[in-house]
Amino acid sequence: MTCARGEGSLDHEVADAQSFAEFSIDYLKYDNCYSKGRAGSASATFARYETMAEALNKTGRPIVYSLCNWGEDFVMSWGVSIANSWRISGDIYDSFSRPDDRCSCTENDPSSPWCVSPGAHCSVLTILNKIAPYADRGQPGGWQDLDALEVGLGGMTDDEYIAHFSLWAALKSPLLIGADLRTLSPEALVILNNPAVLAISQDVLGVPATRVERNTDVPKDRYGVGETHIWSGPLSGGDQVLIFLNAANTDLEMVAYLEDVFVGQGPSCSAPQCNQDWVVHDLWGSRMDDKVAKELLENSKSREDAARILQAANHYNASSLPYKEGLEKLDIRLLGTKVDEISARGSLSIKVKRHSAKVFRLRPKLGITGKRYNHFKDEL
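Heads up: the sequence shown begins at 0 in numbering that gives the first Met the number 0, then just goes up one per residue.
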């Protein structure tokens with residue numbers, strides 16, 4: 000059966016795959032309920048999901064194949080072999096950090112691959128802690144799925160939704176909107192339609208950010224939860240994404256050192272990037288005005304209407320200019336707002352509000368030829 004207890008595809012994969020192709024289906028999320036015991040080991044779960052992968056391929060129709068086995072049976076080690084994405088945890092719910100017993104394997108070690116019942120009601124923070132050791136397993140064509148976005152459902156603050164959306168984008172998780180588009184608020188659309196953050200998600204390198212620092216020695220909330228993270232990852236053109244996440248119970252001054260930001264390229268400042276000067280661009284420095292979002296929601300009856308509204312607001316329209324081309328053109332709307340610089344072997348210190356994130360694109364101040372990078376379109 001399906002998770003909703005409808006008729007499922009187990010042992011009917013070939014016939015159902017052919018039906019999906021005939022229905023012109025583009026995306027199949029293949030869930031994990033009622034597996035008749037064909038789980039509990041990597042080989043058993045792999046074989047069950049491989050059967051559907053082969054059936055889909057035989058149809059001749061390119062269908063995105065999304066595994067949803069909740070991170071069980073070491074899917075991070077084999078999912079990329081047969082699928083385009085795979086879930087890494089139990090189901091998300093609309094909470095930033097509140098722990099819930101229904102999201103099991105969180106109290107002792109949320110990152111343990113031995114969890115046999117990932118469950119549901121997993122907070123944003125729990126899922127981030129779950130993915131951290133395996134964040135680098137995603138790659139072009141095979142993405143780690145942190146579950147649907149909760150932006151717009153109402154359970155988190157604006158700052159919490161910004162942090163949630165930014166980390167999902169930087170980790171290259173599929174960005175599937177969980178809210179009802181028919182009742183979406185302008186405030187939610189402003190978050191979901193931030194082109195500077197979406198450009199991180201759509202970066203052509205396709206390299207997920209990884210966590211380079213975690214600190215739990217910070218003020219806790221009434222559930223005993225409180226920590227801070229620093230995430231970082233390479234982008235095309237020599238740029239770098241840098242995210243400060245404050246999940247503590249108070250505003251904090253946070254600092255990131257270049258030797259930690261680029262630890263993936265070499266420890267103890269041995270990476271060449273550590274010896275460069277960097278220009279810091281705030282990716283939430285110029286978000287869409289709520290009035291523009293309201294007009295889009297109320298007056299976009301067609302693609303042409305939306306294009307007209309976006310053009311009038313000088314807001315980036317990916318339907319007209321794909322992110323790959325926009326980044327190649329150094330479109331300022333994808334680069335964020337210049338706010339600071341970091342000297343070689345230096346650091347960036349920033350005040351981060353409680354339950355929020357600061358998201359930056361770092362750009363080399365000098366290129367490898369010694370010529371200054373073009374940080375703004377009008378400098379070209």
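Ideal placement from N, C-alpha and C gives every residue a C-beta, glycine not left out.
Go ahead and label serine 346 buried or exposed: buried means 16 or more other beta carbons lie within 10 angstroms of its beta carbon, across all protein chains shown.
One-based indexing of the sequence shown puts residue 346 at position 347. That one is exposed.
Rounded to whole angstroms, what's the CA-CA distance from serine 348 to aspartate 25? Just pull it up for me.
Translated into the one-based positions of the sequence shown, residue 348 becomes position 349. Translated into the one-based positions of the sequence shown, residue 25 becomes position 26. When rounded, the distance between both Cα atoms is 44 Å.
For the beta strand (DSSP E) containing aspartate 72, list its first residue and its last residue.
Taking the first residue of the sequence shown as 1, we reach residue 72 at position 73. Premise fails: aspartate 72 is in no beta strand (DSSP E) and is neither H nor E.
Where does isoleucine 26 fall in DSSP's three states?
Walking along the sequence shown from the start, residue 26 turns up at place 27. It is tyrosine, not isoleucine, that sits at residue 26 in the sequence shown. Strand, per DSSP.
From this set, Leu124, Asp339 and Asp30, which residue's C-alpha is nearest arginine 213's C-alpha?
Taking the sequence shown and counting its residues from 1, the one referred to as residue 213 is at position 214. Nearest C-alpha to arginine 213: Leu124.
Could you give the DSSP three-state label for cysteine 273: helix, strand or coil?
Numbered from 1 along the sequence shown, position 274 holds the residue referred to as residue 273. If DSSP states are grouped into helix, strand and coil, cysteine 273 belongs with the helices.
Could you name the residues that DSSP lists as bridge partners for isoleucine 331?
Residue 331 sits at position 332 when you count from the first residue of the sequence shown. Per DSSP, none; premise fails for isoleucine 331.
Exposed or buried, what is valine 189 when buried is set at 16 or more other beta-carbons lying within 10 Å of its beta-carbon?
Counted from its first residue, the sequence shown places residue 189 at position 190. Answer is buried; the Cβ neighbour count reaches 16.
For glycine 237, I'd like the list of residues in its chain whose CB is within less than 6 Å of its CB, leaving aside the five on either flank, ordered along the chain.
Numbered from its first residue, the sequence shown carries residue 237 at position 238. Cβ neighbours of glycine 237 beyond the five flanking positions: Pro363.
I'd like the list of long-range same chain contacts for glycine 7, defined as Cβ closer than 7 Å, with 5 residues on each side in sequence excluded.
On the sequence shown, position 8 is the one that residue 7 refers to. Around glycine 7: Met0, Thr1 and Tyr33.
Is it the case that the region 185 to 200 contacts the region 270 to 287, given that we only count it when at least three CB pairs across the two stretches are under 8 Å?
Cβ pair count under 8 Å is three or more, so yes.
Here's a check: name, in chain order, each residue in its chain whose Cβ is nearer than 8 Å to the Cβ of aspartate 250, leaving out the five neighbours to either side.
If you number the sequence shown from 1, residue 250 lands on position 251. So the list reads Lys350, Val351, Lys352 and Arg353, once near-sequence residues are dropped.
Quick one: complete beta strand (DSSP E) runs, 3+ long, within the region 46 to 72?
The qualifying runs are 63 to 66.
Please classify arginine 302 as buried or exposed, where buried requires at least 16 neighbouring CB atoms within 10 angstroms.
As a working note, residue 302 is residue 303 in the sequence shown. Classification for arginine 302: exposed.
Mapping the DSSP letters down to three states, classify asparagine 107 as helix, strand or coil.
As a working note, residue 107 is residue 108 in the sequence shown. With a pLDDT of only 49 at asparagine 107, under the threshold of 50, the placement of this residue in the model should not be trusted; the figure read from the coordinates follows. Coil.
Only counting runs of 3 or more residues, tell me where the beta strand (DSSP E) segments fall wholly within the region 219 to 305, in order along the chain.
Taking only runs of at least 3 residues, the beta strand (DSSP E) segments lying wholly in the region 219 to 305 are 227 to 233, 239 to 245, 251 to 256 and 277 to 281.
So, at 7 Å on beta carbons, what are the nonlocal neighbours of glycine 140 in its own chain, with the 5 sequence-adjacent residues on each side left out?
Within the sequence shown, numbered from 1, the residue matching residue 140 stands at position 141. Around glycine 140: Asn83.
My output table needs one value for glutamate 212: the three-state DSSP class, helix, strand or coil.
Here residue 212 refers to the residue found at position 213 when the sequence shown is read from its first residue. The answer is strand: DSSP assigns glutamate 212 an E or B state.
Looking at valine 150 and alanine 169, is the spacing between their C-beta atoms short of 8 Å?
On the sequence shown, residue 169 is found 170 positions in, with the first residue counted as 1. On the sequence shown, residue 150 is found 151 positions in, with the first residue counted as 1. Not a contact, by the Cβ cut-off of 8 Å.
What number of angstroms, rounded off, separates the C-alpha of leucine 241 from the C-alpha of methionine 75?
The residue given as residue 241 occupies position 242 in the sequence shown. The residue given as residue 75 occupies position 76 in the sequence shown. Near 24 Å, if we compare the C-alpha coordinates of methionine 75 and leucine 241.
Hey, which unbroken runs of the alpha helix (DSSP H) at 4 residues or more fall wholly within the region 117 to 171?
Here the runs fully enclosed are 123 to 130 and 157 to 169.
Tell me which residue opens and which closes the alpha helix (DSSP H) that glutamate 6 is part of.
Here residue 6 refers to the residue found at position 7 when the sequence shown is read from its first residue. Taken as a continuous stretch (DSSP letters only), glutamate 6 belongs to no alpha helix (DSSP H), as it is neither H nor E.
Give the DSSP-derived three-state secondary structure of aspartate 339 in the structure shown.
By one-based count along the sequence shown, residue 339 stands at place 340. Strand.
Measuring alpha carbon to alpha carbon, tell me which of Arg210, Arg4 and Met253 ends up nearest glycine 232.
Counting from 1 along the sequence shown, the entry for residue 232 is found at position 233. Of Arg210, Arg4 and Met253, the residue nearest in Cα terms is Arg210.
Quick check: the Cα distance between glutamine 17 and methionine 51, rounded to an integer number of angstroms?
Reading the sequence shown from its first residue, position 18 is the one you call residue 17. Reading the sequence shown from its first residue, position 52 is the one you call residue 51. Those two C-alpha atoms are separated by around 11 Å.
Per DSSP, what kind of secondary structure is alanine 82 in: helix, strand or coil?
Your numbering for residue 82 matches position 83 in the sequence shown. Correct three-state label for alanine 82: coil.
Apart from the five residues on each side of it in sequence, which residues of its chain come closer than 7 Å, Cβ to Cβ, to glycine 205?
For the purposes of this step, residue 205 is identified with residue 206 of the sequence shown, where counting begins at 1. The residues are Gln138, Pro139 and Lys171.
Between leucine 166 and serine 122, what straight-line distance do the alpha-carbon atoms span, to the nearest angstrom?
Counted from its first residue, the sequence shown places residue 166 at position 167. Counted from its first residue, the sequence shown places residue 122 at position 123. Roughly 13 Å between the two C-alpha positions.
Starting from the Cα of histidine 163, find the closest Cα among Thr44, Leu361 and Lys357 and give me that residue.
Position 164 of the sequence shown holds residue 163. Ranking the options by Cα distance to histidine 163, first place goes to Lys357.
Measuring only the C-alpha atoms, how far is asparagine 274 from valine 254?
In the sequence shown, the residue the question calls residue 274 occupies position 275. In the sequence shown, the residue the question calls residue 254 occupies position 255. Spanning the two alpha carbons is a distance of roughly 18 Å.
Quick check: tyrosine 64 and leucine 27, are their CB atoms within less than 8 Å of each other?
Reading the sequence shown from its first residue, position 65 is the one you call residue 64. Reading the sequence shown from its first residue, position 28 is the one you call residue 27. Contact: yes.
Are the region 124 to 135 and the region 89 to 101 touching by the rule of at least three beta carbon pairs closer than 8 Å?
Counting Cβ pairs under 8 Å, three or more are found: they touch.
Rounded to whole angstroms, what is the Cα-Cα separation between leucine 174 and aspartate 146?
In the sequence shown, residue 174 corresponds to position 175, counting from 1. In the sequence shown, residue 146 corresponds to position 147, counting from 1. Answer to the nearest angstrom: the Cα atoms are 8 Å apart.
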